[in-house]
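Under my numbering, think of the first position of the sequence shown as 1, with each following residue one higher.
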Amino acid sequence: MSHITRIKTQFTNQEILLKALDDLKYPAEVGDFTIQSTGKNESTQANIRVKRLFSADIGFHWNIDHYDITADWFMVMGITREKFYNQVSQRYAYHAAREKLEAQGFALVEENEENGKIRLVLRRAV
Numbered sequence: 001m002s003h004i005t006r007i008k009t010q011f012t013n014q015e016i017l018l019k020a021l022d023d024l025k026y027p028a029e030v031g032d033f034t035i036q037s038t039g040k041n042e043s044t045q046a047n048i049r050v051k052r053l054f055s056a057d058i059g060f061h062w063n064i065d066h067y068d069i070t071a072d073w074f075m076v077m078g079i080t081r082e083k084f085y086n087q088v089s090q091r092y093a094y095h096a097a098r099e100k101l102e103a104q105g106f107a108l109v110e111e112n113e114e115n116g117k118i119r120l121v122l123r124r125a126v
């Protein structure tokens with residue numbers, strides 16, 4: 001049985017979300033899309049679509065003040081919804097933190113990634 005699942009996120013900025021998807025090499029399109037279940041008996045709207053080869057599409061739907069992730073996860077091949085959500089969340093947080101700190105006058109001095117953790121060293125220009 002196929003069905004669409006909706007995952008509530010904390011993603012509020014489209015530009016940052018698109019940067020996160022690009023970092024992860026997920027080809028994203030912005031527009032008005034319909035995400036279908038496998039049996040085509042269920043569908044939902046999306047404002048951003050991640051087109052997957054040989055797999056179901058993953059959508060992001062603007063829901064008042066945040067994006068929801070929508071997909072028929074039974075037909076999304078090669079990644080689980082948990083892994084996808086965690087990957088996108090980490091890259092979204094990375095770009096959101098950099099944007100906020102740079103707006104406050106901080107500059108990136110060093111960046112390391114180890115064991116799935118990202119360490120940023122920033123300094124404020126004096």
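C-beta atoms are modelled at their ideal positions from N, C-alpha and C, and glycine is treated no differently.
On a predicted model such as this, the values are computed, not experimentally measured, just so you know.
Following the continuous alpha helix (DSSP H) through residue i, name the residue where it begins and the one where it ends.
i, result
"Val88", "81 to 103"
Which stretch, first to last residue, makes up the beta strand (DSSP E) that contains residue i?
i, result
"Lys117", "117 to 124"
"Ile69", "66 to 71"
"Ala107", "106 to 114"
"Ile7", "5 to 8"
"Gly59", "58 to 63"
Hey, residue i and residue j are a contact pair by Cβ (cut 8 Å); roughly how many whole angstroms apart?
i, j, result
"Ile7", "Ala96", "At roughly 18 Å, the Cβ-Cβ gap does not stay under 8 Å, so Ile7 and Ala96 are not in contact."
"Arg123", "Val109", "5 Å"
Leaving out the 5 sequence neighbours to the left and right, which residues in its chain are closer than 6 Å to residue i when beta-carbon positions are compared?
i, result
"Thr12", "His66"
"Asp23", "Arg91"
Answer yes or no: do residue i and residue j have a C-beta to C-beta separation smaller than 8 Å?
i, j, result
"Gln45", "Thr34", "yes"
"Met77", "Phe106", "no"
"Phe60", "Asn47", "yes"
"Glu29", "Arg49", "yes"
Who are the Cβ neighbours of residue i in its own chain at under 8 Å, not counting the five residues just before and after it?
i, result
"Ala71", "Ile4, Thr5, Ile35, Ala56, Asp57, Ile58, Gly59, Arg81"
So, at 7 Å on beta carbons, what are the nonlocal neighbours of residue i in its own chain, with the 5 sequence-adjacent residues on each side left out?
i, result
"Gln87", "Leu24"
Q: Entirely within the region 15 to 45 and at least 3 residues each: give me those beta strand (DSSP E) ranges in chain order.
A: 28 to 36
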